[in-house]
Structures are given as C-alpha cells and as structure tokens.
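At position 47 of the sequence shown (counting the first as 1) the number is 84 in my numbering, and the numbers step up by one without a gap.
Glycine residues also receive a C-beta, built at the ideal position from the N, C-alpha and C atoms.
These numbers come from a predicted model, not from an experiment.
Worksheet: the structure to be examined is printed underneath.
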Amino acid sequence: MAVLPIIKADNPILRQKAKRVPRIDARIQKLIDDMIETMHAANGVGLAAPQVGVSLRLFVVQEYREEDDQLVPGKIFTLINPEVVKTSGEQEVEEGCLSLPGYVGRFSRANTITVKGLNREGKPTRIKAEGFFAEAIQHEIDHLNGILFFDHLPSLDQLRQLRPKGKIAEPDVPNDDIMGERHPQSS
Ligand code: NI
C-alpha cells in the first residue's frame, strides 16, 4: 500500500467526468488499498479516484455516526460505478476538500441519499446514508462528475479560510471552529 499524492483543485483531471470502471482487477484492488491509506494519511472522510489522478468512477468513504453530538468513525465503504437511487430532505453543510486544503464553504445538500453500485468484490451493493455520511457520499459523487464543493457556492467570496495549521488555538474556541474540525477537509 502507498500514500498517493492528492491533486489540487486547479488540476483539469478534477473537472473531467470520470469513466466507468470496466473491470475490477488487481490494479483496481491496489488503487482501492492505496486510496484508503491516502484518505487516512490525510485525515479525510472520503476520497474519489480522480483526486489521485485516476479518472474512474470509484470512491472510498468512511461512515460517521452522530452520537451525543460527536462524530464516531465507523466502517469504510468502497463504491464502484455508483448511481444515485434517491435523495430526500435538505441539510446545511460546511464542507472542505482535500484538493483545496484550508478552505470551507457553507451550502445545502440532500439530507439522505441512497446509492447503488459495486463493492470491491464486484457485488452489487446499496448504501443508505443520512446527515454527515450522506454529505460525504454526495461530495464524492460530485468528484466523479467533475464538480468541486465550491461550485455549490454562489460566489468564491463565500469560501472561508480555516486557521492555518500549527497555530495554537486561543482559549475560547468559537463554535464555528469546532465545526471546522468536525467537517475536516472532507475529501
Ligand atoms: Ni473532495
């Protein structure tokens, strides 16, 4: 396994509509392993193949459950050639992306989503998600369609810059910054 370089938002690969994965072979298995390792190394909650320069319809995402106002990490899902079956409701999100470190933006997404596709064993699978997990899945599907989170903002002026890494937090951390932590550079 290897940590792969994550390409940045100005790379044209991130603007392509990714191609379907034709066959789940050893090369794809290695890509999935490397993407999971890369996601962990970057403290992300999800990662789409185009972000490591591979324009294929495939992403990995870690499930988070909300418990007592905390996000608890759960299972890691791999979805290949995903299709959205259904969405419902609306949630306001504050989202970032590993391809645009240090910035977040607020906008709205569906509150629940059902997606289907293949898992890494090539078996048809379906994921039903809500809240933060649903947000992450929508973010990754956007990546497969050449969409970046800030495309959802009316203007780039609405991007908010996070506190630079390494700066010591002030004693009274405003709620907003806690949100920034809860919504890490998602993916
Ligand atoms: Ni992203």
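Contact check, residue i vs residue j, beta carbons under 7 Å
i	j	result
Thr149	Ala171	yes
Ile50	Gly81	no
Val58	Leu95	yes
Leu93	Ala55	yes
Phe144	His77	no
Gly159	Ile73	no
Leu135	Ala63	no
Selection from the options that minimises the alpha carbon distance to residue i
i	options	result
Glu132	Arg94, Gln195 and Phe114	Gln195
Thr162	Pro191, Glu100, Tyr101 and Leu116	Leu116
Phe186	Tyr101, Arg52 and Pro42	Arg52
Ile65	Arg200, Asn48, Val97 and Thr124	Val97
Glu100	Arg200, Glu177 and Leu199	Glu177
Met38	Arg102, Thr75 and Ser192	Thr75
Where residue i falls, given that 16 or more other Cβ within 10 Å makes a residue buried
i	result
Met216	Here Met216 scores only 38 on pLDDT, less than 50, and its place in the model is too uncertain to base an answer on.
Glu207	Because Glu207 sits at a pLDDT of 47, beneath the cut-off of 50, its placement in the model cannot be relied upon, and the point is left open.
Val122	exposed
Glu129	exposed
Glu104	exposed
Gln175	buried
Arg146	buried
Pro119	buried
Leu68	buried
is_contact[residue i, chain B] using C-beta, thresh 7 Å
i	result
Val121	As a matter of chain content, chain B is missing from the structure shown, which is built from one protein chain.
Does the count of Cβ pairs from the segment 166–173 and the segment 182–200 closer than 8 Å reach three?
-> no
Is the segment 138–150 touching the segment 101–117, taking contact as three or more C-beta pairs under 8 Å?
-> no
Between the segment 78–86 and the segment 150–160, do at least 3 Cβ pairs fall closer than 8 Å?
-> no
Which ranges does the beta strand (DSSP E) cover as unbroken runs of at least 3 residues, wholly within the segment 136–216, from first to last along the chain?
-> 137–146, 149–155 and 161–167
Which full runs of the beta strand (DSSP E) of 3+ residues lie inside the segment 59–112, going along the chain?
-> 83–85 and 95–104
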